[in-house]
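As they're listed, the protein sequences go chains G and W.
Sequential numbering of the first sequence, starting at -5, is according to our numbering.
Sequential numbering of the second sequence, starting at 9, is according to our numbering.
Since the structure comes first, as structure tokens, the remarks are kept for the end.
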Amino acid sequence: MVLLTERDSPPPAARLRLVRPMNFALTVPALLLLVVFFILPVLSLLLRSVMEPEPGLGNYAALLGSTTYLKIFLNTFVVSALVTVVTLAIGFPVAWALAIMPSRLSSIVFAILLLSMWTNLLTRTYAWMVLLQRTGVINKTLMGLGLISEPLPLVNNLTGVTIGMTYIMLPFIILPLYGVIRKIDPAILQAAALCGATRWQALTRVLIPLAAPGMVSGALMVFVMSLGYFVTPALLGGTANMMLAELIAQFVQSLVNWGMGGAAALVLLVVTLTLYAIQLRLFGTARMEGR
Amino acid sequence: MSFLQIRALRKDYGIVTAVRDVNLTVERGEFMTFLGPSGSGKSTTLYILAGFENPTAGDILLDGESLISTPSHKRNIGMVFQRYTLFPHLSVGENIAFPLKVRRLPKAEIDAKVKKMLKLVRLEGFEDRKPAQMSGGQQQRVALARALAYDPPVLLMDEPLSALDKKLREEIQHEIRRIHQETEVTILYVTHDQEEALRLSDRIAVFSRGVIDQIGTGPELYANPATRFVAEFVGDSDFVDCRILSAQNGRADISIGSSLTIRGVPMHGGGAAGGMAALMLRPERLSLARGSVGEGTANLAATVTDIAFLGSNIHVAAAAETGEALSVRLPFGHEAASSLARGDMVSLGFDPASAHVFSA
Chain G
-5 MVLLTERDSP
5 PPAARLRLVR
15 PMNFALTVPA
25 LLLLVVFFIL
35 PVLSLLLRSV
45 MEPEPGLGNY
55 AALLGSTTYL
65 KIFLNTFVVS
75 ALVTVVTLAI
85 GFPVAWALAI
95 MPSRLSSIVF
105 AILLLSMWTN
115 LLTRTYAWMV
125 LLQRTGVINK
135 TLMGLGLISE
145 PLPLVNNLTG
155 VTIGMTYIML
165 PFIILPLYGV
175 IRKIDPAILQ
185 AAALCGATRW
195 QALTRVLIPL
205 AAPGMVSGAL
215 MVFVMSLGYF
225 VTPALLGGTA
235 NMMLAELIAQ
245 FVQSLVNWGM
255 GGAAALVLLV
265 VTLTLYAIQL
275 RLFGTARMEG
285 R
Chain W
9 MSFLQIRALR
19 KDYGIVTAVR
29 DVNLTVERGE
39 FMTFLGPSGS
49 GKSTTLYILA
59 GFENPTAGDI
69 LLDGESLIST
79 PSHKRNIGMV
89 FQRYTLFPHL
99 SVGENIAFPL
109 KVRRLPKAEI
119 DAKVKKMLKL
129 VRLEGFEDRK
139 PAQMSGGQQQ
149 RVALARALAY
159 DPPVLLMDEP
169 LSALDKKLRE
179 EIQHEIRRIH
189 QETEVTILYV
199 THDQEEALRL
209 SDRIAVFSRG
219 VIDQIGTGPE
229 LYANPATRFV
239 AEFVGDSDFV
249 DCRILSAQNG
259 RADISIGSSL
269 TIRGVPMHGG
279 GAAGGMAALM
289 LRPERLSLAR
299 GSVGEGTANL
309 AATVTDIAFL
319 GSNIHVAAAA
329 ETGEALSVRL
339 PFGHEAASSL
349 ARGDMVSLGF
359 DPASAHVFSA
């Protein structure tokens, strides 16, 4: 049986041949930029991580052999995973609502979403500090209402990091999900309803499977961005749950240990690229195409 | 009591009324078609039946019980949509099994039913295909199988063939007729295509501006259209302006132009003497001759404006003396037609009893 997608698109080799020399020339400035400002620095970091303070894999051994550092790795993954799950849980209903609401309303919501994205990151993070601190608006309100007697510890811990980062990551999951959900014909959901599916069944058996490619790419983007996040964890997190980016900053800025800093950065890069490769493998080709 | 009753159904969208006052009863096993142009309220009525829209007023009774407060997923009604609505992530077999799975039927029962349904729509061996790998016609047949898998008492079809080309459409019309006969399911079918309506239906409800103008079998609608709209929509028709001279017992004497008087034409819509009206003629019931057609028939003088050969019949376009464009359909081999040319003066004859007058 021949798949439609296989018939319609040329094989990879043929596609490569379609790239003409002229088109390639146009990509030179971008490639140069990447080489000078990304690939060369990364290579230099790689070099320093195996050369400083002495040649060898000593830095990597120190990094992966210490429970303190492994804990930071683990914490980085836990925070990123938590942020990804919470972002998905909040982002999916928002994306769905955006897809079905009248366009006048949705453009307002989009404006709010984008405005918050364009606001300076530090400003937004400090705003969360103000909201979340012991004497902040949230604690004061809850105490004023008599719901709690002691202020909740909302900042300088995992809660603070999760709240702050979820807020920052939301647009990155809402936008791709919105794109996918909007393409789903509402009549398909009507058909599901007439087939006897409850709202829950229509959601879990039809809408979510159809939105899966958007969910995966959005979730991966959030997860990867979270892995390397610095400002928000540094300001809203505590010393007990340091993240990898903070560790790297500490190595380089406080300890001036470029070797260890480079090793940590490269471990992060390798993890990120691996995840990206897995996603490409699973969802990269237009597998869900054709409606 | 009738199987399905629609009572005084009304649907307003703000200041726009999509369905004004629809009343209809459908018998068990009947094939009922809603025929009308877009915006006539036929689809809205169907969507209210499906539970996608709430009526502003009125009621729908299925087997004596009101459906209005039952949500779509509990109505147990089948539906085939205009657009392709198979679940793209599921195979053909899984699509047909979907309504059975959400009803939590045992697996063996589901498998047997899926097989039976594939056989019904003649798509055995296709269960592992994805919808995207099938043609439009095949997809709609799967949609039909999915909609019938749970033995719904009523099947709704919303212009299911409008995305298909003519030949395929006719093929699937035959399939639908066969499946209707085999399953004896009650079908409500929406279309704007009169030929499709005539081919498929036991009865047709002609929708116009949110109400049903007339309900009847195809021949009834064709022979005795209740309104000018029905006459225009079912079959081809010619209209000639006329004046009512006198009206009695559903028949009218009329005058056309200054000289022609025709007596005893069936009249609809109750016009008074002296009022303007329209005389409706069927193109295939007009006879054509040079000069006068003869005693007992009425004659309209006209000038031939165009002649088109369409295989089994010949289409003659003519302009009446009073200015109206008329069309005449003559069988292939018709004597007068063979020598006819543009600009020829002809007389068009008809039997007054088979014509209709609609008061303006």
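We put the beta carbon where it would ideally sit given N, CA and C, even for glycine.
Residue environment, residue i, which counts as buried when at least 16 other CB atoms sit within 10 Å
i: Ile56 of chain W; result: buried
i: Tyr21 of chain W; result: exposed
i: Met103 of chain W; result: Position check: residue 103 of chain W holds Asn in this sequence, whereas Met was assumed. With 16 or more other Cβ atoms within 10 Å, it is buried.
i: Asp261 of chain W; result: buried
i: Val29 of chain G; result: exposed
i: Lys175 of chain W; result: exposed
i: Gly253 of chain G; result: buried
i: Asn84 of chain W; result: buried
i: Trp90 of chain G; result: buried
i: Gln247 of chain G; result: exposed
i: Asn133 of chain G; result: buried
i: Met284 of chain W; result: exposed
i: Lys115 of chain W; result: exposed
i: Thr268 of chain G; result: exposed
i: Gly59 of chain W; result: buried
For residue i, the three-state DSSP class (helix, strand or coil)
i: Leu(-2) of chain G; result: Per-residue confidence for Leu(-2) of chain G stands at a pLDDT of 41, beneath the threshold of 50, marking its modelled position as unreliable; the derived number appears in the next sentence. Note: Leu(-2) of chain G maps to helix in three-state DSSP.
i: Thr210 of chain W; result: Looking at the sequence itself, residue 210 of chain W is Asp, so the reference to Thr does not match. Coil at Asp210 of chain W, not helix or strand.
i: Glu73 of chain W; result: strand
i: Gln13 of chain W; result: strand
i: Asn307 of chain W; result: strand
i: Asp136 of chain W; result: coil
i: Thr192 of chain G; result: coil
i: Thr160 of chain G; result: helix
i: Thr289 of chain G; result: Nothing about residue 289 of chain G can be reported from this structure: the residues present for chain G run from -5 to 285 only.
i: Lys177 of chain G; result: coil
i: Ser100 of chain G; result: helix
i: Phe95 of chain W; result: coil
i: Phe217 of chain G; result: helix
i: Asp1 of chain W; result: The structure shown does not extend to residue 1 of chain W, since chain W is modelled only from 9 through 368, so no value can be given for it.
i: Gly130 of chain G; result: coil
i: Arg137 of chain G; result: Here residue 137 of chain G turns out to be Met, not Arg, going by the sequence shown. Correct three-state label for Met137 of chain G: helix.
i: Arg275 of chain G; result: helix
i: Phe89 of chain W; result: coil
N- and C-terminal bounds of the beta strand (DSSP E) containing residue i
i: Asn321 of chain W; result: 321 to 328
i: Ile252 of chain W; result: 246 to 256
i: Met165 of chain W; result: 162 to 166
i: Val30 of chain W; result: 24 to 34
i: Ser362 of chain W; result: Note, Ser362 of chain W: premise wrong, no beta strand (DSSP E); not H, not E.
i: Leu156 of chain W; result: Run containing Leu156 of chain W: none in the beta strand (DSSP E); it sits in the alpha helix (DSSP H), 144 to 156.
9 Å Cβ cutoff met for residue i and residue j
i: Val198 of chain W; j: Glu167 of chain W; result: yes
i: Leu43 of chain W; j: His182 of chain W; result: no
i: Leu221 of chain G; j: Val36 of chain G; result: no
i: Asn307 of chain W; j: Leu334 of chain W; result: no
i: Pro160 of chain W; j: Ile182 of chain G; result: no
i: Glu135 of chain W; j: Gly101 of chain W; result: yes
i: Leu260 of chain G; j: Leu39 of chain G; result: yes
i: Phe39 of chain W; j: Ile220 of chain W; result: no
i: Leu208 of chain W; j: Arg185 of chain W; result: yes
i: Ala310 of chain G; j: Ser101 of chain G; result: In the structure displayed, chain G extends from -5 to 285; residue 310 of chain G sits before or after that span and is not available.
i: Gly49 of chain W; j: Arg36 of chain W; result: no
i: Ala171 of chain W; j: Gln90 of chain W; result: yes
i: Glu329 of chain W; j: Ala310 of chain W; result: yes
i: Gly306 of chain G; j: Lys82 of chain W; result: Only positions -5 to 285 of chain G appear in the structure, and residue 306 of chain G is not among them; the question remains open.
i: Met165 of chain W; j: Val88 of chain W; result: yes
i: Gly357 of chain W; j: Leu296 of chain W; result: yes
i: Ser362 of chain W; j: Pro339 of chain W; result: no
Extent of the continuous alpha helix (DSSP H) run through residue i
i: Pro339 of chain W; result: Careful: Pro339 of chain W lies outside any alpha helix (DSSP H), inside the beta strand (DSSP E) at 333 to 339.
i: Gly44 of chain W; result: Neither: Gly44 of chain W is in no alpha helix (DSSP H) and is coded neither H nor E.
i: Pro274 of chain W; result: Note, Pro274 of chain W: premise wrong, no alpha helix (DSSP H); beta strand (DSSP E) at 268 to 276.
i: Gln222 of chain W; result: That residue, Gln222 of chain W, is in no alpha helix (DSSP H); its beta strand (DSSP E) goes 219 to 224.
i: Arg259 of chain W; result: No alpha helix (DSSP H) contains Arg259 of chain W, which is instead part of the beta strand (DSSP E) from 259 to 264.
i: Tyr55 of chain W; result: 50 to 58
i: Ser43 of chain G; result: 34 to 45
Three or more beta-carbon pairs under 8 Å between the region 118 to 125 of chain G and the region 176 to 196 of chain G, yes or no? no
Do three or more CB pairs link the region 224 to 236 of chain W to the region 277 to 290 of chain W at distances below 8 Å? yes
Flag this pair as touching only if the region 190 to 206 of chain G and the region 155 to 164 of chain G have three or more C-beta atom pairs under 8 Å; answer yes or no. no
Inter-stretch contact at 8 Å, needing at least 3 Cβ pairs: the region 68 to 81 of chain W / the region 238 to 252 of chain W: no
Spell out a yes or no on whether the region 137 to 154 of chain G and the region 231 to 250 of chain G are touching, meaning 3 or more CB-CB pairs, one atom from each, closer than 8 Å. yes
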